[in-house]
Every structure is written in C-alpha cells, then in structure tokens.
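Undergrad: The structure under discussion is supplied below as structure tokens; questions concerning it will follow.
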Amino acid sequence: MRTLRASILGLAAAGLLFGAAGASAEPLKIRIGWVVTPAQLTPFLFSRKEILKHYGKSYTVDPIRFRGSAPQITALAANELDIAAFAYSAFALAIQNAKMTDLKAIADVFQDGVGSHYSIEYLVRNDSPIRTIQDLKGKRLATNGIGGAIDMAMRKHLRANGMEDKRDYSVTEIRFPNMNAALHEKKVDMVGVLIPFAPGIKAKGARPLFTMKDAMGPSQMIFWAARDPFLKKNRAALTDFFEDHQRALRWFTDPKNRAEALQIIADFTKRPVKSYESWVFTGKDFYRDPTGRVNVEALTSNVKVQRDLGFLKIDIDVPAHVDNSFVEEAAKRLN
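With my numbering applied, the sequence shown covers 513 to 847.
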C-alpha cells in the first residue's frame with residue numbers, strides 16, 4: 513500500500529514539475545531574413561503587439577538584415593537563420609548548390625507584375641537615344657547582382673529580342689543605392705531597379721524602357737522559405753505566427769490605418785512620410801497575397817527561366833518544394 517501511495521505521489525509530483533516546465537517554456541524565437549523595406553515589411557510588421565494574439569506567448573520574431581538573398585543561403589545552412597526571404601533565383605540555387613533538398617517555400621512576401629500592381633523597371637535617361645531593346649546594342653547595363661532575379665528578367669527579355677550578354681551588351685553589378693548616380697553620371701546606360709529606389713531615379717530624369725512583367729509575366733519575386741525539419745518541429749508555434757502575420761498584414765494594408773502605417777515605416781527608415789505616401793499599399797506597390805500563399809505557377813515559371821538561361825544545372829520539381837499549409841491553416845482561423 514505504501515509503495516502504491518508513494519508511486520502515486522511521485523507521479524503527481526512529476527506531473528506538477530512537467531506542468532511547470534510547460535508553463536514556463538520559452539516562446540520560439542523565429543529568426544527571419546530581410547533585405548529592403550518597405551517592399552519587405554518584416555522588420556516592423558510585428559510592431560503593433562496589441563493586435564497580435566500569440567506574440568510573446570508561442571513565438572517571437574528576430575528580424576535579421578542581409579545584403580541580398582544569396583547570403584541567406586549560407587546563414588540557413590549554418591543554422592543561423594530560420595526563415596529566409598528568397599528571390600526565386602536564390603531559392604533554386606539553395607536546392608542545387610547547398611543541397612537543401614528539404615527546403616520549402618512557405619509564404620509570399622511580394623509578387624511582381626500581378627494585375628495592375630507594380631513591376632520592377634529597367635530605366636534609361638530621358639535624354640538617352642535608347643527607345644527600343646535593339647538600341648541597347650553595345651550599351652552598358654546595370655543590375656544589382658548577376659544571376660539574380662532582376663538580372664535574369666533583363667537577360668530573358670534581351671534574348672527574346674535576339675541579344676546576348678558580352679556579344680551585344682555588357683553587364684555590371686551596382687548596388688541599388690548607387691544606381692541613381694551611375695545612370696545620371698552616364699557610367700551606365702540602363703539600370704534594373706525597384707521601389708523605393710525607382711521613383712528618385714525617375715524624378716531626376718529617367719524613364720522605363722521595359723518592366724519585369726514584360727519579360728516574365730507575373731513573378732513570385734520574394735517569399736519566405738525554411739527547411740522541413742524546422743517546420744515539422746515547430747508546426748504549432750509557426751501556425752500561431754502565421755495567424756498573427758496575416759492579422760498584421762491586414763492591419764497595415766487596411767486603408768483606414770494607412771496614415772499610421774506610413775508613419776511606422778517612416779520612423780523605421782528615418783525618411784519622411786512623403787517618400788511613401790504616393791505608392792506604399794496602393795496599386796503602385798508590389799502585390800502581396802492577403803493570405804500569404806506562394807504563387808506556385810509563377811514560381812515554377814520563374815525557375816524554368818533560370819534553367820533556360822543556364823544559371824541552373826538541374827531540373828527542380830517546384831510544387832514539391834512549396835508548402836502553403838501553414839498560411840492556409842492560419843487563414844482558416846481568421847475567417
């Protein structure tokens with residue numbers, strides 16, 4: 513009898529201990545990469561804690577800035593990052609070069625050229641004689657990164673018009689903040705650039721020759737990607753995270769909150785609100801899927817272009833590397 517009683521007391525004590533451990537468990541810290549804002553909302557999207565249901569309980573967010581998609585491949589491989597903000601170009605290379613066969617695209621960040629929404633622009637000077645693609649023959653073209661999404665769209669469009677790199681034109685890498693000076697000081701003849709940089713370049717005297725949409729159609733430009741073991745291990749917390757993600761995205765894109773949302777962006781970037789009020793969260797901005805679904809059809813097409821241009825050596829079954837279940841489950845909770 514004593515033995516039975518002792519066993520019961522022991523189990524009860526163990527239950528209390530486990531219960532206490534569960535109650536005091538730390539929320540999952542999700543390390544998320546980002547590159548440029550406000551195209552990517554990550555660094556301030558979770559700033560309105562009062563509208564979030566699960567923040568600080570089941571998860572927290574640690575936004576980490578990178579200079580591009582490619583460095584995030586290294587960070588993801590080294591377990592220094594949980595969710596990467598990949599362009600389709602880096603996503604495919606992570607699977608091919610870093611052997612991340614367990615990589616999954618899990619949520620849209622923004623898409624290019626959807627409907628009447630913004631599409632990345634390839635700008636020439638207003639006083640330039642360049643009027644057609646053929647006029648680019650012998651010219652110097654600038655991209656933010658050779659083999660990147662903006663670079664590949666440019667090459668595809670020029671190839672469709674019978675032009676090839678080195679034979680018909682040259683390409684140089686220039687960071688986005690330096691493209692304005694490079695174009696207007698006539699160091700290059702065309703720049704491939706996106707918002708928030710494009711408006712300033714155009715205001716100084718530049719015009720679009722073509723857009724990414726002209727070259728690619730709709731593109732799944734930037735999206736979140738993570739490795740399958742992390743997703744499986746933390747499914748409950750991640751579903752809470754995506755529920756709050758959609759809740760926050762709805763708040764930021766709601767017209768009635770626009771003034772406050774723009775002020776949050778301005779405060780974070782330390783730029784005046786007027787820098788954003790004409791385009792952010794309007795049809796002049798990139799398209800963001802309201803539920804965060806990855807555009808599988810567009811992503812499949814984008815990766816095929818990468819393969820066709822020779823930047824990818826393997827065929828990738830893109831749908832097998834997409835998992836929209838997290839955002840779909842989160843959307844059901846909110847609807």
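Even glycine gets a Cβ: it sits at the ideal position worked out from N, Cα and C.
Can you pull the DSSP bridge partners for residue 595?
TA: The residue given as residue 595 occupies position 83 in the sequence shown. Paired residues: 544.
Undergrad: Helix, strand or coil: how does DSSP classify residue 723 here?
TA: As a first step, residue 723 must be located in the sequence shown, where it is residue number 211. The answer is strand: DSSP assigns residue 723 an E or B state.
Undergrad: Would you check if the distance between the CB atom of residue 604 and the CB atom of residue 585 is smaller than 8 Å?
TA: By one-based count along the sequence shown, residue 604 stands at place 92. By one-based count along the sequence shown, residue 585 stands at place 73. Not a contact, by the Cβ cut-off of 8 Å.
Undergrad: In the DSSP assignment, find the unbroken alpha helix (DSSP H) run with residue 664 in it and report its ends.
TA: As a working mapping, residue 664 is identified with position 152 in the sequence shown. Here the alpha helix (DSSP H) through residue 664 covers 661-672.
Undergrad: Let me confirm a value: residue 537 is counted as buried when at least 16 other C-beta atoms fall within 10 Å, else exposed. Which label applies?
TA: Looking up residue 537 in the sequence shown gives position 25. Exposed, since its Cβ has fewer than 16 Cβ neighbours within 10 Å.
Undergrad: Let's see if you can read the secondary structure: which residues bound the beta strand (DSSP E) around residue 575?
TA: The residue given as residue 575 occupies position 63 in the sequence shown. First-last of the beta strand (DSSP E) with residue 575: 571-577.
Undergrad: So, helix, strand or coil for residue 763, using DSSP?
TA: Stepping through the sequence shown from its first residue, residue 763 is reached at position 251. Note: residue 763 maps to helix in three-state DSSP.
Undergrad: Could you tell me the distance, in whole angstroms, from the CA atom of residue 646 to the CA atom of residue 640?
TA: Here residue 646 refers to the residue found at position 134 of the sequence shown. Here residue 640 refers to the residue found at position 128 of the sequence shown. If I take the Cα positions, the gap works out to 14 Å.
Undergrad: Per DSSP, what kind of secondary structure is residue 655 in: helix, strand or coil?
TA: Looking up residue 655 in the sequence shown gives position 143. Reduced to three states, the DSSP call for residue 655 is strand.
Undergrad: Residue 552 by DSSP, collapsed to three states: which one?
TA: Along the sequence shown, read from residue 1 onward, the residue named residue 552 stands at position 40. Residue 552 falls in the coil class under three-state DSSP.
Undergrad: Is residue 476 helix, strand or coil by DSSP?
TA: Only positions 513 to 847 of the chain appear in the structure, and residue 476 is not among them; the question remains open.
Undergrad: Touch check for the region 796-807 and the region 752-763: three-plus C-beta pairs under 8 Å?
TA: Counting Cβ pairs under 8 Å, three or more are found: they touch.
Undergrad: So if DSSP puts residue 736 in a beta bridge, which residue, or which two residues, is it bridged to?
TA: Here residue 736 refers to the residue found at position 224 when the sequence shown is read from its first residue. According to DSSP, residue 736 bridges with 597 and 619.
Undergrad: Which residues share a DSSP beta bridge with residue 567?
TA: Position 55 of the sequence shown holds residue 567. DSSP, once it has assigned bridges, lists 571 as partnering residue 567.
Undergrad: Please determine, among 627, 756, 612 and 775, the residue with the shortest C-alpha to C-alpha distance to residue 566.
TA: Translated into positions along the sequence shown, residue 566 becomes position 54. Minimum Cα distance to residue 566 is reached at 756.
Undergrad: Can you tell which of 824, 795, 847 and 744 has its C-alpha closest to the C-alpha of residue 625?
TA: The residue labelled residue 625 in the question sits at position 113 within the sequence shown. If we check each option's Cα against that of residue 625, 795 comes out closest.
Undergrad: Would residue 658 pass as a contact of residue 685 if the rule is Cβ separation under 8 Å?
TA: Along the sequence shown, one-based indexing puts residue 658 at 146. Along the sequence shown, one-based indexing puts residue 685 at 173. A contact, by the Cβ cut-off of 8 Å.
Undergrad: Return the Cβ separation of residue 599 and residue 733 in integer angstroms, given the expectation that the two are a contact with Cβ distance under 8 Å.
TA: As a position in the sequence shown, residue 599 is number 87, starting the count at 1. As a position in the sequence shown, residue 733 is number 221, starting the count at 1. The pair is a contact, with the Cβ atoms about 6 Å apart (cut-off 8 Å).
Undergrad: Using a C-beta cutoff of 8 Å, does residue 555 count as contacting chain B?
TA: Among the chains in the structure shown there is no chain B, since it carries only a single protein chain.
Undergrad: For residue 727 and residue 785, what's the separation of their Cα atoms in angstroms?
TA: Mapped onto the sequence shown, residue 727 falls at position 215. Mapped onto the sequence shown, residue 785 falls at position 273. Using only the alpha carbons, I get a separation of about 32 Å.
Undergrad: Based on Cα-Cα distance, which residue from 617, 582, 769 and 564 lies nearest to residue 743?
TA: Here residue 743 refers to the residue found at position 231 of the sequence shown. Nearest option by C-alpha distance: 617.
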